[in-house]
């Protein structure tokens, strides 16, 4: 049993050293590429969906206390699409779709460093109760904003990776 633990520990150590030797850089480590994302300020519009996207981006990029060397400006377009019609000919299911066009600017500059587009969608069932219908719709908006924020974060990390030439 003790021999097995020693073997597993040495195998884990060898794998760790091998990753370091090949130039592996952790994406979310303290010195990883994602640390650069914390220096991006997020600017969105004034609607509820804009706020939800801004909060999701700040959380995903850990950018609440960064140095704000860059600014991400996002424009959100939201649509609600009816999906399911019940036997009574009333729509009972909707999908919230977001399309986010964004640009990243170095603080104080006019030309963007990077531009991109992301999307997010989430469905919800329409209830007979007005309160639960509103809560379901708001939950779907939040999930769609989270999905778009994850896409934007992944695109930013990919762009950083490509800029490094790694």
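Residue numbers (the numbering used here): 3 to 168. For each residue, glycine too, the CB sits at the ideal point set by N, CA and C.
Start-to-end residues for the beta strand (DSSP E) that takes in residue 213:
The question about residue 213 has no answer, for the chain in this structure spans 3 to 168.
Helix, strand or coil: which one does DSSP assign to residue 71?
Residue state, collapsed to three classes: coil.
Counted within 10 angstroms of its Cβ, other Cβ atoms place residue 122 as buried (16 or more) or exposed:
It is buried - the Cβ of residue 122 has at least 16 other Cβ atoms within 10 Å.
Using a 10 Å radius around the Cβ and a threshold of 16 neighbouring Cβ atoms, would you call residue 133 buried or exposed?
When all chains shown are included, residue 133 counts as exposed.
Report yes if the CB atom of residue 104 is closer than 8 Å to the CB atom of residue 73, and no otherwise.
One thing to note: residue 104 has its Cβ no nearer than 8 Å to the Cβ of residue 73.
Sorted by chain position, which residues of the same chain lie with C-beta nearer than 8 Å to residue 160's C-beta, five sequence neighbours on each side aside?
Closer than 8 Å at Cβ, skipping near neighbours: no residue.
If you run the structure through DSSP and keep just helix, strand and coil, what is residue 137?
Of the three classes helix, strand and coil, the one that applies to residue 137 here is helix, per DSSP.
Burial state of residue 148 (16 or more Cβ within 10 Å):
Looking at its Cβ environment, which holds 16 or more other Cβ atoms inside 10 Å, residue 148 is buried.
Tell me which same chain residues have a C-beta within less than 7 Å of the C-beta of residue 109, skipping the five on either side of it?
Excluding positions up to five away in sequence, the list reads 70, 71, 72 and 73.
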